[in-house]
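Participant: Counting in full-length UniProt numbering, the final residue of the sequence shown is number 300, and the numbers go up one at a time with none missing.
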Amino acid sequence: MVLLSLPSEVLWQIVSFLDITDLSVLRFVSTKLRTYADHPSHWKDLQLRPPPSSTAGISLWNLNDLKDLIGPHASHTRSIKIWGVRDTVVRFLITRCTHLQELTICGWATLSDHAFRFPATNSTGGTSGTSGTSGGHLAGLRRLEFVGATQQSNYTALGANTLGRILTNCPDLSELLLGCQVHIHAQTLIEELKKSSRPPLSLRSLTLATHRTWSAPHITHLFDLCPSLEQIGLLPAAASGCDVGKDSSSVQRWLADTHSLKLEHSPESPIALDLPLDQDMVIYRPTCNTTQRTHFCTSH
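What follows is the structure in structure tokens.
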């Protein structure tokens, strides 16, 4: 084979231009090519689009196809942006990608608490019959984003209890974004965080596509419970999702375009505000260099 006779530097450059689908095939050609195809640098940051679907609607990953594609390299993966998932796909990514730090999920058929529930580990290292959100699987996660698709229903049945357990079981999680149709009951989330012995110390940004059940006291409590929290986004406009087939900008930049009102909150000046359910809002905690004040500013 001519390819195998090329100098190592040239062969490396060629292999580096291949996408992961081609790399997953190339690794079976020869032992030498497998060495190049399996290099961890190719599998560190992944963008995973499912094969086109022959039916109408968003394309979805087949779990076995995804396992064949990234399974042998899952321990090398640090960030994933994936389109078209089910609960089982999310559960696979979290359990197999043991060093995952960033996960962005774009579009799904169904997404619920089951995606984040795992057999509980017992004292012998085995699994018991009960299940819950496992900190062992999520411990290294730093960013978690859900972006719904406009092409179909983007509702997720992720509950406040599960969200609270994710926050308390991910000590490094700094950014959490739910840009989809979701109902997170504010008081339930607050109570879940209160009863935990592991508060989300690293959380800096929390964005929810809802205002329902959220009031000024809930926002104050959340700032108190999360000492590193810098901003809380309540963005009803984000519930409509985005075109996951065309969106190439970062999720944060896309959401920034929807901001219409910003409130800066000072612990010395409690929030005294009725939050309009149809108004996008971002509430900021002032830094030590920021004048202690509460004010509004409209964005363009």
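The C-beta atom is built at its ideal place from N, Cα and C for all residues, glycine as well. The model shown is predicted, which means the values in this text are computed figures rather than measured ones.
Check whether the Cβ atoms of Pro236 and His218 lie closer than 8 Å to each other.
Facilitator: No, the pair does not count as a contact, with Cβ atoms beyond the cut-off.
Participant: By Cβ distance below 7 Å, which residues in the same chain neighbour Ile14 in space, the five residues on each side in sequence not counted?
Facilitator: So the list is empty, once near-sequence residues are dropped.
Participant: Quick one: what's got a C-beta closer than 8 Å to Val10's C-beta in the same chain, skipping five residues either side?
Facilitator: Answer for Val10: no residue qualifies.
Participant: Would Thr213 and Gln187 be called neighbours here (beta carbons separated by less than 8 Å)?
Facilitator: Yes, these two residues count as a Cβ contact at 8 Å.
Participant: Out of Ser41, Thr31, Gln47, Lys81, point me to the one whose CA is closest to Ser75's CA.
Facilitator: When each option's Cα is compared against that of Ser75, the closest is Ser41.
Participant: Taking the runs of the alpha helix (DSSP H) that are 4 residues or longer, which of them lie wholly in the stretch 44-103?
Facilitator: Counting only runs of 4 or more, we get 63-70, 87-96.
Participant: Taking Ile190 as the reference, give the member of His221, Leu206, Glu175, Ser174 with the closest Cα.
Facilitator: With distances taken between Cα atoms, Ile190 lies closest to His221.
Participant: Should Trp83 and Cys106 be called a contact, given that it needs their Cβ atoms to be closer than 8 Å?
Facilitator: Cβ distance < 8 Å, so Trp83 and Cys106 count as in contact.
Participant: Could you tell me the alpha carbon to alpha carbon distance between Leu6 and Leu144, rounded to whole angstroms?
Facilitator: When rounded, the distance between both Cα atoms is 42 Å.
Participant: What would DSSP say about Asp164, mapped onto helix, strand or coil?
Facilitator: The sequence shown places Gly at residue 164, not Asp. Of the three classes helix, strand and coil, the one that applies to Gly164 here is helix, per DSSP.
Participant: Quick one: grab the DSSP three-state call for Arg34.
Facilitator: Of the three classes helix, strand and coil, the one that applies to Arg34 here is helix, per DSSP.
Participant: Residues in its own chain within less than 7 Å of Thr88 by CB, not counting five upstream and five downstream?
Facilitator: Leu63, listed in sequence order.
Participant: What residue range is occupied by the uninterrupted alpha helix (DSSP H) comprising Val182?
Facilitator: Looking at the DSSP string, Val182 is not in any alpha helix (DSSP H), and its letter there is neither H nor E.
Participant: At the level of alpha carbons, what is the spacing between Leu261 and Ala238?
Facilitator: The pLDDT assigned to Leu261 is 47, lower than 50, so where the model puts this residue is not dependable; a value taken from the coordinates is nonetheless given after this. Leu261 and Ala238: Cα-Cα distance of roughly 14 Å.
Participant: For chain B, is any of its Cβ atoms less than 8 Å away from the one on Trp108?
Facilitator: No chain B appears in this structure, which consists of one protein chain only.
Participant: Does the separation of the CB atoms of Asp45 and Arg86 fall below 8 Å?
Facilitator: Not in contact: Asp45 and Arg86 (Cβ atoms no closer than 8 Å).
Participant: Identify, in the order they occur along the chain, each residue of the same chain with its Cβ nearer than 6 Å to the Cβ of Arg91, setting aside the five sequence neighbours on each side.
Facilitator: Taken in chain order, the residues that qualify are Ala115.
Participant: For the candidate residues Pro52, Ser59, Ser53, Ile94, whose alpha-carbon lies nearest to that of Gly71?
Facilitator: When each option's Cα is compared against that of Gly71, the closest is Ile94.
Participant: With 16 other CB atoms within 10 Å as the buried threshold, where does Val182 fall?
Facilitator: Classification of Val182: buried, given that the 10 Å Cβ count is 16 or more.
Participant: Can you give me the Cβ contacts of Thr162 inside the same chain, cut-off strictly under 8 Å, excluding the 5 residues immediately before and after it?
Facilitator: Same-chain partners within the cutoff: Asp113, Phe116, Arg117, Thr133.
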